[in-house]
Amino acid sequence: MELDTFGSVRYMDRLELYKTEKPYVSSLEPWNVPGAKSNNLSTTPTEVAIRNMRPVLQDFSIHCQGFQAATMPTSMKEADFYDSNLVESTYYDECEVFLKRQFGAEKVQFFDNTLRRVDREDSDPFRQLQSIQTLTAAADVHVDQTPASAYRRIKNLFGEEADTLREGRFQILNIWRPLFTPLYDHPLCLCDYRSTDPSDFIETDMPSPQWIGELYQVARNPAHKWWFLPGMMDQEVLIIKCFDSLAEEQEGTIAKCTPHCSFVWKETPQGTRPRESLEVRAVIWSPN
1 MELDTFGSVR YMDRLELYKT EKPYVSSLEP WNVPGAKSNN LSTTPTEVAI
51 RNMRPVLQDF SIHCQGFQAA TMPTSMKEAD FYDSNLVEST YYDECEVFLK
101 RQFGAEKVQF FDNTLRRVDR EDSDPFRQLQ SIQTLTAAAD VHVDQTPASA
151 YRRIKNLFGE EADTLREGRF QILNIWRPLF TPLYDHPLCL CDYRSTDPSD
201 FIETDMPSPQ WIGELYQVAR NPAHKWWFLP GMMDQEVLII KCFDSLAEEQ
251 EGTIAKCTPH CSFVWKETPQ GTRPRESLEV RAVIWSPN
């Protein structure tokens with residue numbers, strides 16, 4: 001099995017339209033505006049080289065590349081991850097212990113979790129916004145939060161306490177876990193932040209019934225360096241940086257975030273079970 005590979009990712013097009021109309025993708029039904037569109041996104045599938053992380057796992061960190069692999073034991077069984085009460089109690093507790101041990105976090109606040117399941121019959125790249133409970137694999141290259149959205153999230157979570165909390169270093173991290181292993185179908189690929197340019201990141205509104213979000217869609221750049229973790233095994237997770245307040249202050253020295261998406265791995269064994277995964281997002285505070 002060839003582990004360094006090529007795969008197709010969906011990059012945002014650099015349209016003239018976006019100079020006058022902000023990109024958006026909405027899960028709100030525009031029932032009061034005849035002919036309104038749910039999104040104005042234009043993306044293009046692009047083949048890129050994607051390298052295997054396993055031989056050099058120790059070289060990756062959220063500080064440098066913006067992502068890393070880790071071992072995180074859990075008492076949760078596969079079926080447990082479909083019980084939101086168990087996820088938000090047992091699994092959150094396990095994640096908090098992990099984040100404090102792994103990154104020296106002094107405070108952890110969870111705010112979101114997302115189950116994803118691949119439907120092989122579904123060709124709609126925007127279906128991930130049509131169900132809150134279980135979403136499809138995200139095909140577009142993106143970053144979960146923009147800086148503006150990250151600061152709004154802190155305000156939403158903590159109200160009057162937010163200004164004080166913003167004075168310390170805080171990061172938004174995504175803990176990404178396959179629900180069964182080994183995972184071959186639609187693996188996650190991650191872009192080394194150091195290979196990106198600020199012009200690659202396109203602010204995109206994402207209104208939903210729960211939250212007016214803003215994320216980055218990412219435009220093509222031939223300099224991008226892509227990586228993946230083939231055949232993820234039991235207890236393996238990927239840690240994906242969405243935002244880092246210290247990186248915003250120290251331009252160029254620390255990874256700010258991680259562009260990522262799923263891709264179809266050409267070496268996926270025939271008959272492989274479609275991907276199921278869980279991602280949990282948390283704000284952590286830690287010393288600089």
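Counting from 1, one number per residue, gives the positions in the sequence shown under the UniProt record's numbering.
Using N, Cα and C, we set each Cβ at its ideal position, and we do this for glycine too.
- Taking 7 angstroms as the cut-off, the beta carbon of S286 is found closer than this to the beta carbon of G104.
- Excluding its 5 nearest sequence neighbours in each direction, H224 has C-beta neighbours in its own chain below 6 angstroms: C191 and S195, listed in chain order.
- Counting the other Cβ atoms within 10 Å of the Cβ of F110 gives 16 or more, which makes it buried.
- Rounded to the nearest whole angstrom, the CA to CA distance from T181 to A70 is 15 angstroms.
- Given a length threshold of 4 residues, each whole run of the alpha helix (DSSP H) inside the stretch 22-105 is given here in chain order: 92-103.
- Around the C-beta of G35, fewer than 16 other C-beta atoms lie within 10 Å, and the residue is accordingly described as exposed.
- In the DSSP annotation of this structure, the continuous segment of the beta strand (DSSP E) that includes P178 starts and ends at F170 to P178.
- One Cα belongs to R275, the other to S75, and the distance between them is close to 21 angstroms.
- With respect to the 7 angstroms criterion, I50 and I239 are not classified as neighbours on the basis of their beta carbons.
- Per DSSP, A255 is not a residue of any alpha helix (DSSP H), being assigned neither H nor E.
- Excluding five sequence positions before and after L188, the CB atoms of its chain that fall closer than 7 angstroms to its own CB belong to W176, F228, L238, H260 and S262, given in chain order.
- When the alpha-carbon of L15 is set against those of K37, Q65, T44 and S38, the nearest one is in T44.
- With fewer than 16 other CB atoms across the displayed protein chains lying within 10 angstroms of its CB, D197 is exposed.
- Here the alpha carbons of R166 and T268 stand approximately 44 angstroms from one another.
- The residue from T258, D185 and A247 with its alpha-carbon nearest to that of L215 is T258.
- Here the alpha carbons of R10 and T46 stand approximately 6 angstroms from one another.
- In the three-state reduction of the DSSP assignment, Y184 falls in the coil class.
- K19 sits in a helix when the DSSP states are folded into three classes.
- The beta-carbon separation of Q171 and K241, rounded to 6 angstroms, stays under the 8 angstroms limit for a contact.
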